[in-house]
Structures are given as C-alpha cells and as structure tokens.
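Residue numbers (the numbering used here): 1391 to 1602.
Beta carbons: idealized from backbone N, C-alpha and C, even for Gly.
In this text, all values refer to a predicted model and were calculated from it rather than measured experimentally.
Below is one structure; the comments refer to it alone.
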Amino acid sequence: MKATTKPTGEAAKLHRGFGRLAVLGVILVLAGLVGLVYTGVATLTSMVLFGWLLLIGGAVGLLHAVQARGDNFFWLGVVVAALNIAAGVVVLRRPEAAAEALTMFAALLFLTGGLFRLAGSLVVRGPQFGWTLVQGAFGLLLGILVLAGWPSNSKYVIGTFFSLALLFDGLGLIATGFGGRRVVSIVTEQLTAEDGKRNEPDGGGAKPVQPE
1391 MKATTKPTGE AAKLHRGFGR LAVLGVILVL AGLVGLVYTG VATLTSMVLF GWLLLIGGAV
1451 GLLHAVQARG DNFFWLGVVV AALNIAAGVV VLRRPEAAAE ALTMFAALLF LTGGLFRLAG
1511 SLVVRGPQFG WTLVQGAFGL LLGILVLAGW PSNSKYVIGT FFSLALLFDG LGLIATGFGG
1571 RRVVSIVTEQ LTAEDGKRNE PDGGGAKPVQ PE
C-alpha cells in the first residue's frame, strides 16, 4: 500500500485552511437543514440578523460621515446612515411586519425578473434560448405562488430562502474544502517524488571493461 505524504510548511497551512473551510461548510449545511425544519424560527432569526446589520451599518456610516464632515457628501452620508438606523430599529421591533414586507418585495422581484427573462428570450432568441425561457417561467411562477399566499406565507418564505442559501453555500464550501485538500495532497506527493528522483545516486563507480 502506497504511503501518503503529509504536507509540510505552507502546504500544511493550506491543507488546514481548506479543512476549516469544509468544517464551516458542514456547520452551514446543518444550520440550513435545521432552518428548513423550523422555517418560522429561521424567518425571525433572519429578520433579527437583518435588523442588526442595518443598525451596525448605519452606525458605521454615521461615524464615517462625521469623520468626513468637510466633504461635499456629508449630509447625504448622514441621511443614508439615519435611514439605515431607523430601518434597523423598525425591523427589530416589528420582525413579523418586516418579514411581510420582504416577502412582498421578493415576490415582485421574482415576477419582474421572470417577465424580463421571458421577454428577453423571446426577442433575442440566442443560443441559451431554452434555458432562459425556463428560468423566466420559473421565476414568474414562483412570484405568483408567493403573492397568492401573501401575507400568511411570510412566516416561512424568508426562512425557507435563508435556509436554502445556507444549505447551498455550505455544500459549496464543503466541495471547495475537500477539493482543495486533495489538490494540495496531490501536489505535495508530486513534489516529494520529484525531489526523491533528483536525490537518487547515479550508481557511482566506473563501468567494468568488457573483455575483447
């Protein structure tokens, strides 16, 4: 059985880094699966995270605006930061209403995106005509389904999308982590084999003279 060569130095750091990436992917996959089971909790969790992101982003933007108060865009930065802070407060105080608004926004986004893809595929008829047509029809159908169940479906739509995003991102990180570890191991083995060939002795000594 062929022994595997363990990476050393920078290769070992890369190997461990890809391993941590795979572990993070596993955590995201587990979080996505739990979110798909408890979509209501996932919706509220995503709203709370969204609210805190707005608050933090608004506070950072306000700090930058104050530091650059001599700039021409000072008041614009202050207004944008204040709007982010106000939106974050509203989302944190009324996460259910925020989920309803985001669900409506997502439905309208699916509808407009699906209509544009359908119209573009029918007008242009490029090499990806069939795939673009299917994407447009799927987006249009998804938008109609979300609108048909609004606002009662807002309790689980955002949570479902959020959980699916975590799931697919986690799967991508797992694939990247394991693929990167494999590539590092293969390159390390090849370099070790080449170094071994270069260090092999040439056999030394003079060749024996053949008798005539």
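Delimiting residues of the alpha helix (DSSP H) encompassing residue i
i, result
"Trp1442", "Thr1429 to Gln1457"
"Gly1529", "Phe1519 to Ala1538"
"Asn1474", "Phe1464 to Arg1483"
Contact test: residue i Cβ vs the ligand FMN heavy atom, cutoff 7 Å
i, result
"Leu1482", "The ligand FMN is absent from the structure shown, which contains no ligand whatsoever."
Residue i classed as buried or exposed, judged by whether at least 16 other C-beta atoms fall within 10 angstroms
i, result
"Thr1502", "exposed"
"Val1469", "exposed"
"Gly1529", "buried"
"Pro1485", "buried"
"Val1577", "exposed"
"His1605", "This structure leaves residue 1605 out entirely; the chain is present only between 1391 and 1602."
"Gly1539", "exposed"
"Lys1403", "exposed"
Residue i and residue j closer than 8 Å at C-beta
i, j, result
"Leu1657", "Ala1421", "The first residue shown for the chain is 1391 and the last is 1602, placing residue 1657 beyond what the model contains."
"Ile1548", "Leu1499", "no"
"Gly1441", "Gly1478", "yes"
"Thr1522", "Gly1510", "yes"
"Leu1512", "Ala1527", "no"
Separation of residue j from residue i, as counted between CA atoms
i, j, result
"Leu1611", "Ala1471", "Any answer about residue 1611 is impossible in this case: the structure gives the chain only from 1391 up to 1602."
"Gly1430", "Leu1423", "13 Å"
"Leu1563", "Gly1460", "44 Å"
"Leu1434", "Ala1489", "8 Å"
"Gly1569", "Phe1558", "16 Å"
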